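Visitor:
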Amino acid sequence: MQNSKNCHENVWILSGTSDGPIIVNKLLQLNYIVFVSVVTHKASKSYAVNPKLHIITGKLNDSSEIIKFIENNKISYVIDATHPFALIITKNLNEACKKIKKPLLVFDRKSEIKPFKNFNYISGLKDIKKEGLVNKNILLAIGSRLLNETAKHYLKYGANVFTRVIPTPDSVSKAFCSCMENSNIAILAPSKNGKFLEKSLCEYWKIDYILCRDSGSYSQMNWEKVVYKTNMELFLVRRPKIKYKDSPIFCDYDKLINQITKKNLTLLHE
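Numbering (my numbering), first residue to last: 359 to 628.
1) Check this for me: beta carbons of Val523 and Ile496, under 9 Å apart or not?
2) Who are the near neighbours of Gln578 in its chain, counting only those whose CB is closer than 6 Å to its CB and skipping five residues on each side?
3) Are Ser421 and Val369 close, meaning C-beta to C-beta below 9 Å?
4) Looking at Ile447: is its Cβ nearer than 9 Å to the Cβ of Val464?
5) Touching or not, the stretch 473-491 and the stretch 589-609, by the rule of three or more beta carbon pairs under 8 Å?
6) Please name the residue in Asp572, Glu423 and Phe554 whose C-alpha comes closest to that of Asn467.
7) Around the C-beta of Cys609, are 16 or more other C-beta atoms found within 10 angstroms, so that it is buried, or is it exposed?
8) From what residue to what residue does the beta strand (DSSP E) around Leu462 run?
9) What residues match up with Asp420 in a beta bridge as DSSP calls it?
10) Would you mind working out which of Ile565, Ser541, Thr415 and Tyr390 sits nearest Val585, comparing C-alpha positions?
11) Taking the alpha-carbon positions, what's the Thr624 to Lys400 distance?
12) Grab me the residues of Asn518's own chain with a C-beta within less than 8 Å of its C-beta, minus the 5 sequence neighbours each way, in chain order.
13) Over what stretch of residues does the beta strand (DSSP E) that includes Phe593 continue unbroken?
14) Cβ atoms of Ile391 and Ile381: under 9 Å apart, would you say?
15) How far does the beta strand (DSSP E) with Ala634 in it reach, from first residue to last?
16) For the putative contact between Ser536 and Asn506, defined by C-beta atoms under 8 Å, what is the C-beta separation to the nearest angstrom?
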């Protein structure tokens with residue numbers, strides 16, 4: 359579904375390394391000019407080199423910064439494919455696009471959880487029951503932003519707290535500046551093709567509980583596989599419910615792309 363108008367359409371997608379490359383490749387094949395925002399330089403390496411692809415690395419601080427980027431780069435469509443728990447950037451994108459009346463499309467990856475006997479859904483990071491936490495070994499696989507606060511909570515109730523953080527300067531710095539013992543911190547990128555390292559880590563530390571979030575990522579799926587048919591328990595934090603009044607939400611890549619191409623075809627026939 360390609361037309362001459364597409365080459366003048368600029369699409370901006372904010373994403374990580376799971377969904378972003380797939381959506382971007384589909385747009386590039388349709389001759390769109392694509393801007394991608396990622397947080398780290400390492401994440402940018404997941405995207406193929408293409409003259410129509412522009413990669414921007416770093417955090418966006420507020421909605422005014424977002425508006426400036428949209429206007430400076432003549433963006434026609436914005437796609438929010440950020441992490442399901444990235445509440446701040448999602449809020450800022452929503453506010454910015456509403457203010458300047460730009461279409462915001464949301465990609466929300468499916469949660470394909472298949473509950474099993476040692477699986478527990480919880481509402482928040484601190485919602486593992488306090489009773490029986492003494493001397494339990496808890497692995498926090500929750501990222502680094504709320505790591506210190508969460509670790510303090512469980513240490514207060516007598517648990518032994520461990521963590522796995524991804525190998526980025528920000529994550530590593532926050533982990534080693536936290537209240538946790540250095541020997542209880544593992545710097546490990548999630549393995550895409552298996553669970554060997556995660557499984558070995560849990561065995562080495564004799565983990566009882568794993569705490570992670572319902573992100574729908576391969577990292578979460580690895581923890582599910584590690585826990586399944588063991589004596590460990592998985593505690594999965596439910597996704598926050600974000601309300602988008604005017605933005606369509608998609609769980610399917612092709613339906614998301616079709617929404618953009620359909621609008622362009624409508625414009626051509628007007």
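Beta carbons are placed, not taken as given, at the ideal position from N, Cα and C, and that holds for glycine. It should be emphasised that the depicted structure is a prediction, and the values quoted were computed from it without experimental measurement.
Guide: With the given structure in hand:
1) The residue labelled residue 523 in the question sits at position 165 within the sequence shown. The residue labelled residue 496 in the question sits at position 138 within the sequence shown. Cβ distance not < 9 Å, so Val523 and Ile496 don't count as in contact.
2) The residue given as residue 578 occupies position 220 in the sequence shown. In the same chain as Gln578, and ignoring 5 residues on each side of it, the C-beta atoms closer than 6 Å to its own belong to Cys570, in chain order.
3) Numbered from 1 along the sequence shown, position 63 holds the residue referred to as residue 421. Numbered from 1 along the sequence shown, position 11 holds the residue referred to as residue 369. No. Outside cutoff.
4) Counting from 1 along the sequence shown, the entry for residue 447 is found at position 89. Counting from 1 along the sequence shown, the entry for residue 464 is found at position 106. No.
5) At 8 Å Cβ cutoff, the stretches touch.
6) Position 109 of the sequence shown holds residue 467. Contrary to the premise, residue 467 reads as Arg rather than Asn in this sequence. If we check each option's Cα against that of Arg467, Asp572 comes out closest.
7) Here residue 609 corresponds to residue number 251 of the sequence shown, with the count starting at 1. The residue is exposed, with fewer than 16 neighbouring Cβ atoms inside 10 Å.
8) Your numbering for residue 462 matches position 104 in the sequence shown. Per DSSP, Leu462 belongs to the beta strand (DSSP E) from Leu462 to Phe465.
9) Numbered from its first residue, the sequence shown carries residue 420 at position 62. DSSP, once it has assigned bridges, lists no residue as partnering Asp420.
10) Working through the sequence shown from its first residue, we reach residue 585 at position 227. For the residues Ile565, Ser541, Thr415 and Tyr390, the minimum Cα distance to Val585 belongs to Ile565.
11) For the purposes of this step, residue 624 is taken as the residue at position 266 of the sequence shown. For the purposes of this step, residue 400 is taken as the residue at position 42 of the sequence shown. Here Thr624 scores only 43 on pLDDT, less than 50, and its place in the model should not be relied on; the value that follows carries that caveat. Rounded to whole angstroms, Thr624 to Lys400 spans 38 Å at the Cα level.
12) Along the sequence shown, one-based indexing puts residue 518 at 160. Cβ neighbours of Asn518 beyond the five flanking positions: Asn493, Lys494, Asn495, Ile496 and Asn542.
13) As a first step, residue 593 is located in the sequence shown; it is residue number 235 there, counting from the start. Per DSSP, Phe593 belongs to the beta strand (DSSP E) from Glu591 to Val595.
14) As a first step, residue 381 must be located in the sequence shown, where it is residue number 23. As a first step, residue 391 must be located in the sequence shown, where it is residue number 33. Not in contact: Ile381 and Ile391 (Cβ atoms no closer than 9 Å).
15) Lying before the first or after the last residue shown, residue 634 is absent from the chain, which here runs from 359 to 628.
16) Position 178 of the sequence shown, counting from 1, holds the residue named residue 536. Position 148 of the sequence shown, counting from 1, holds the residue named residue 506. The Cβ separation is near 4 Å, so the contact holds.
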